[in-house]
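Colleague: Numbering-wise, the working numbering comes out as the position in the sequence shown, counting from 1, plus 5.
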Amino acid sequence: MENKSFGFSSELTLDPFVIPPGGKYPIFFLGIAIYFFGISCNLTLLTLIMLRRNLHKPMYFILFSLPLNDLIGITAMLPKVLSDIVTETHKVHYPLCVLQAFLLHMYGGGILFILAAMSVDRYVAICMPLRYTSVMTPRVVICIISLVWGLDFVLIGSLFSLQTRLPRCKSVILNVFCDNPSLLKLTCGNTAVNNIIGLFNTAVMQAVSVSIQAFSYVKILIACVVTRKSEAKTKAVNTCIAQLVILIIFEVVATFTILSHRFKNVSADLQKIMGMLIFLVPPLLNPIVYGLYTSEIRTSLLRVLKNRVSF
């Protein structure tokens, strides 16, 4: 049978959750609460960095990318899922599906590269404190941020550009949101090249991010061991622990997401929920972790709240 290639603007059908009677609106309002909580936390962190002069430092200029990336991830995924639950439509046009998948993959790669950039900043600050201002100049910081987003865009863009050469013969996305694997399952052509490039890009992201962070934190650990200043050790631990916690959260959630798709006895709805966690848990926890473990952010937030109360 001859394969049928669907038009660029064709409508796709998403595979919905199986929701029990009466559960639609409670799930919707719970999701709305989760979404606005995540948005509020990340916008608060962005606003603090922009408005508080004591946070106008290389460390926080690089950190600025993290809540921005989290906003992209949670906004690209959750509103559409909640809309489909309450309206029971479960439809999406192909261009919007590709856009959602692209943004979600940008979010995943962005976390890895941003954490790597932040670890480099901490390495310079702790291992080369006297040279910090001369090394982390505004030009260097701009180059680091540009490299983070540029490399992420090139890797994800190259992956999705390969989609255009493949004809589509299916119209059902086997998930509640769009991602690259789901889009590949719509095609009726040979996806070997796409799979290879996808694995290569994932390996590059993980290798670059983990190797840079491993090098930075090993050097920081050595510096903490050899220094005799207990205050320096405490500062080093406090400035790095938030980044390590965020990395662990992301890797644990990502690992559980991958494993959930490797076991056949895991229900389809549980797999969908696990797939959503990677776009929900980090955006919800990252600003809280930084607020708890970074004294300057915590102090700045408390001052803002105190000023508003006194006013």
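Note that CB positions come from ideal geometry on N, CA and C, so glycine has one too.
Just verifying my parser: in three-state terms, what is the DSSP assignment at residue 98?
Modeller: Residue 98: strand per DSSP, three-state reduction.
Colleague: Under three-state DSSP, which class holds residue 17?
Modeller: Strand, per DSSP.
Colleague: Within this structure, are the beta carbons of residue 79 and residue 288 separated by less than 7 Å?
Modeller: In contact: residue 79 and residue 288 (Cβ atoms closer than 7 Å).
Colleague: Secondary structure at residue 7, three-state DSSP: helix, strand or coil?
Modeller: Note on residue 7: pLDDT 41, under 50, position unreliable in the model; no value is reported.
Colleague: Would DSSP call residue 173 helix, strand or coil?
Modeller: Three-state result, residue 173: strand.
Colleague: Report yes if the CB atom of residue 90 is closer than 7 Å to the CB atom of residue 182, and no otherwise.
Modeller: In this structure, residue 182 does not lie closer than 7 Å to residue 90 by Cβ.
Colleague: With 16 other CB atoms within 10 Å as the buried threshold, where does residue 148 fall?
Modeller: Result: exposed.
Colleague: Would you grab the beta carbon distance between residue 191 and residue 173 for me? Rounded to a whole angstrom, and I think it's under 8 Å.
Modeller: Residue 191 to residue 173, Cβ: 5 Å. Contact.
Colleague: If you run the structure through DSSP and keep just helix, strand and coil, what is residue 49?
Modeller: Helix.
Colleague: Taking Cβ positions only, does residue 254 come closer than 7 Å to chain D?
Modeller: As a matter of chain content, chain D is missing from the structure shown, which is built from one protein chain.
Colleague: For the stretch 156–216, list the beta strand (DSSP E) runs that are entirely contained and at least 3 residues long, ordered along the chain.
Modeller: Counting whole runs of 3 or more residues, the stretch 156–216 contains no beta strand (DSSP E) stretch at all.
Colleague: Looking at the structure shown, is residue 131 part of a helix, part of a strand, or coil, going by DSSP?
Modeller: Of the three classes helix, strand and coil, the one that applies to residue 131 here is helix, per DSSP.
Colleague: The alpha helix (DSSP H) with residue 279 in it runs from where to where?
Modeller: Residue 279 -> alpha helix (DSSP H) spans 273–298.
Colleague: Can you tell me whether residue 307 is buried or exposed? The criterion is at least 16 other CB atoms within 10 Å of its CB, across all chains shown.
Modeller: It is exposed - the Cβ of residue 307 has fewer than 16 other Cβ atoms within 10 Å.
Colleague: Under 8 Å by Cβ, that's how I've got residue 29 and residue 128 pegged, so tell me the actual separation to the nearest angstrom.
Modeller: Residue 29 to residue 128, Cβ: 49 Å. No contact.
Colleague: Expressed to the nearest angstrom, what Euclidean distance is found between the alpha-carbon atoms of residue 165 and residue 102?
Modeller: Taking the straight line joining both Cα atoms gives about 12 Å.
Colleague: For residue 255 versus residue 116, is the C-beta spacing smaller than 7 Å?
Modeller: Result yes, Cβ atoms of residue 255 and residue 116 sit closer than 7 Å.
Colleague: Quick one: grab the DSSP three-state call for residue 110.
Modeller: Here residue 110 sits in helix by DSSP.
Colleague: When DSSP labels each residue in this structure, what does residue 59 get in the three-state scheme?
Modeller: Residue 59: helix per DSSP, three-state reduction.
Colleague: Measure the C-alpha to C-alpha separation of residue 59 and residue 295 and round it to an integer number of angstroms.
Modeller: Near 16 Å, if we compare the C-alpha coordinates of residue 295 and residue 59.
Colleague: Is it the case that the Cβ atoms of residue 184 and residue 22 are separated by a distance below 7 Å?
Modeller: Not a contact, by the Cβ cut-off of 7 Å.
Colleague: Excluding the 5 residues flanking residue 245 on each side, which residues of the same chain have their C-beta closer than 7 Å to its C-beta?
Modeller: Counting only Cβ-Cβ distances below 7 Å, and skipping sequence neighbours, we find 127, 222 and 225.
Colleague: So, residue 95 versus residue 161, is the Cβ gap smaller than 7 Å?
Modeller: For residue 95 and residue 161, no; Cβs fall outside 7 Å.
Colleague: Residues in the same chain with beta-carbon distance under 6 Å from residue 43, minus the five sequence neighbours each way, listed in chain order, please.
Modeller: So the list reads 79, 288 and 289, once near-sequence residues are dropped.
Colleague: Flag this pair as touching only if the stretch 37–56 and the stretch 120–139 have three or more C-beta atom pairs under 8 Å; answer yes or no.
Modeller: Segments in contact, no.
Colleague: Looking at residue 262: is its Cβ nearer than 7 Å to the Cβ of residue 279?
Modeller: Yes, Cβ-Cβ distance for residue 262 and residue 279 is below 7 Å.
Colleague: Where does residue 301 sit, in a helix, a strand or coil, going by DSSP?
Modeller: Looking at residue 301 - three-state DSSP - the assignment turns out to be helix.
Colleague: So what's residue 28 in DSSP terms, helix, strand or just coil?
Modeller: Here residue 28 sits in coil by DSSP.
Colleague: Assuming contact is defined by CB atoms lying nearer than 7 Å, are residue 47 and residue 83 in contact in what I supplied?
Modeller: Not closer than 7 Å, so no.
Colleague: Classify residue 35: buried if its beta carbon has 16 or more other beta carbons within 10 angstroms, exposed otherwise.
Modeller: Flag for residue 35 reads exposed.
Colleague: In the DSSP assignment, the alpha helix (DSSP H) including residue 82 goes from what residue to what residue?
Modeller: Counting along the chain, the alpha helix (DSSP H) containing residue 82 begins and ends at 70–92.
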